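*Asks:*
Residue numbers (the working numbering): 1 to 423.
(1) Drop a sphere of 10 angstroms on the beta-carbon of residue 218, count the other beta-carbons inside from all chains shown, and report buried for 16 or more, exposed for fewer.
(2) What is the DSSP secondary structure of residue 205, reduced to helix, strand or coil?
(3) Once the 5 residues before and after residue 248 are set aside, which same chain residues still bring their CB inside 7 Å of it?
(4) So, are the CB atoms of residue 302 and residue 332 less than 8 Å apart?
(5) Could you tell me the alpha carbon to alpha carbon distance between residue 444 and residue 295, rounded to whole angstroms?
(6) If we require 4 or more residues per run, which alpha helix (DSSP H) segments fall completely within the region 353–406?
(7) Is there at least one Cβ from chain C nearer than 8 Å to residue 81's Cβ?
(8) What residues in its chain sit with their C-beta under 6 Å from that of residue 92, if we drop five residues either side in the sequence?
(9) Please confirm whether residue 54 and residue 175 have their CB atoms less than 8 Å apart.
(10) Between the region 219–229 and the region 164–181, do three or more beta carbon pairs fall short of 8 Å?
(11) Please report how far the alpha carbon of residue 204 lies from the alpha carbon of residue 192, in whole angstroms.
(12) Just to confirm, are residue 68 and residue 226 a CB contact at a threshold of 8 Å?
(13) Indicate the three-state DSSP secondary structure (helix, strand or coil) for residue 159 in the structure shown.
(14) Pull up the distance between the alpha-carbon of residue 285 and that of residue 148, whole angstroms please.
(15) Quick test of the definition: if touching needs 3 or more C-beta pairs under 8 Å, does the region 363–382 touch the region 319–329?
(16) Let me confirm a value: residue 76 is counted as buried when at least 16 other C-beta atoms fall within 10 Å, else exposed. Which label applies?
(17) Looking only at C-alpha atoms, which of 268, 329, 232 sits nearest to residue 366?
(18) Looking at the unbroken alpha helix (DSSP H) that takes in residue 88, where does it start and where does it end?
(19) Please state whether the Cβ-Cβ distance between residue 137 and residue 196 is less than 8 Å.
(20) To which residues of the same chain is residue 65 closer than 6 Å at the C-beta, ignoring the five residues directly before and after it?
Set out below in C-alpha cells:
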C-alpha cells in the first residue's frame with residue numbers, strides 16, 4: 001500500500017516559516033550559553049551588569065527608530081505582497097521614517113550624555129550599544145514577515161549572532177575589554193543589515209524612491225499607536241534591570257539578566273508560532289485556523305513553563321558560570337510569568353491585531369506599564385528593594401495584560417468564556 005505524502009494545505013506556509021524562525025531562535029539561545037559564561041567569568045559580574053544596563057537604555061532608542069513599524073508595516077506588506085508599486089512605496093516610506101528617527105534618537109542620546117552625569121559616566125557603552133540602531137534601520141524584519149519568507153531573515157540574523165559570538169572570544173580577554181561587548185554586537189548587526197539590503201533591493205528588485213510627504217506621513221501615523229504599546233513593552237522588559245541598577249548592584253542586574261535570558265529562550269516556540277501566524281491571519285481572517293492555533297499555544301506554553309522550572313538551577317549555573325546563585329530563584333518566579341505571557345502574546349498579535357482590534361491591544365500594554373511604574377514607585381517610596389520582588393511585579397503586570405486581552409477577545413466574539421476555545 002502506497003502512503004500518501006502528508007499535506008498541510010494552507011498551514012504549510014505557517015509551518016515552514018515557523019520552522020525557519022525556530023532554527024534561528026534556537027541558535028540565538030545556544031550562542032549565549034557559549035559566550036555568556038565566558039563573558040561573566042572574564043569581565044566580572046559588575047562590568048557585565050554595566051553593559052546590560054547600557055543596552056537596556058538603548059532599547060528605548062531602538063523603539064523610537066522602529067516606531068511601531070515592525071507591526072504596522074508587516075500588515076501592509078502582507079496585504080499588498082503582489083502589488084509591486086505598493087511594495088516599493090511601503091519599503092521606501094518605512095526606510096525614510098526610520099532614518100529620520102535614527103538621527104533624532106542620536107541627538108537625544110548626545111543631549112543626555114552631555115547634560116546628565118549618570119549617562120556621561122557610561123557614555124562609551126551607550127554609544128557603542130546605540131550603533132545597533134543602524135541595524136534597526138537596515139534589517140527589514142517587517143518586510144520578510146509580511147512576505148511570509150523567513151528563510152532569508154533567518155540567514156541574516158544567524159550571521160550577526162555567529163559574528164558576535166566568534167569575535168567575543170577573539171577580542172575579550174580581560175575586565176578592561178568589557179566596552180567592546182556592545183560594540184561587537186553592533187558591528188555584527190550592521191553587517192547583517194547590509195546583507196539584508198542586498199536581498200531586498202537586488203534579489204527582490206525592490207526600488208527605493210522618495211514618496212510624497214502625505215504618503216510618508218500616513219505610514220508614520222498608522223504606526224503611532226503601535227509605538228506607544230512598544231514603548232510600554234520596553235518599559236515592561238527593561239525597567240526591572242534599570243531599577244536593579246538604581247536600588248541594588250550591577251551583580252543583581254547580571255543575575256536578573258541571566259534568569260530573563262533563559263526565560264526568554266523558553267518563549268521561542270510560541271513567539272515563532274505567532275510571528276509566522278500573524279501575517280497569514282491578517283490576510284485571511286481565518287477563524288478556523290485561529291481556533292486550532294489556540295490549542296497549539298496552550299500545549300506549548302504549558303510544557304515550556306514546566307521544563308524551565310525543572311531546569312532552573314542547572315540552566316542558571318551554566319549560563320553564569322556559577323557566579324549568580326540567586327538567578328535560579330528569579331527564574332522560578334519568571335516561569336509563571338512566561339506561562340501567562342504565552343497566552344497574552346497569542347491573544348495580542350494573533351487575535352486582536354490580526355482581526356483589526358489594535359486599540360485594546362495597545363491599551364493592555366500601557367495599562368500593565370502603569371501598574372509596573374506604580375509598583376516600582378511604591379518600592380522606592382518604602383525603600384524595599386529586592387531582585388525577587390521585581391520578578392513578582394512583572395508577573396502581576398502580565399496577569400493584567402492577559403485579563404484585559406481576553407476580555408476584549410471575548411467581547412468581539414473571538415473567544416468563548418465557557419470553554420476557552422475559539423469559535
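From the three backbone atoms N, C-alpha and C, an ideal C-beta is built for every residue, glycine too.
Quick caveat: nothing in here was measured; it's all calculated off a predicted structure.
*Replies:* Judging by the given coordinates:
(1) exposed
(2) coil
(3) 385, 387
(4) no
(5) Examination of residue 444 is not possible in this model, given that the chain is present from 1 through 423 alone.
(6) 358–382
(7) Among the chains in the structure shown there is no chain C, since it carries only a single protein chain.
(8) 208, 209, 211
(9) no
(10) no
(11) 17 Å
(12) yes
(13) helix
(14) 16 Å
(15) no
(16) buried
(17) 232
(18) 84–115
(19) no
(20) 98, 101, 102, 105, 133, 136
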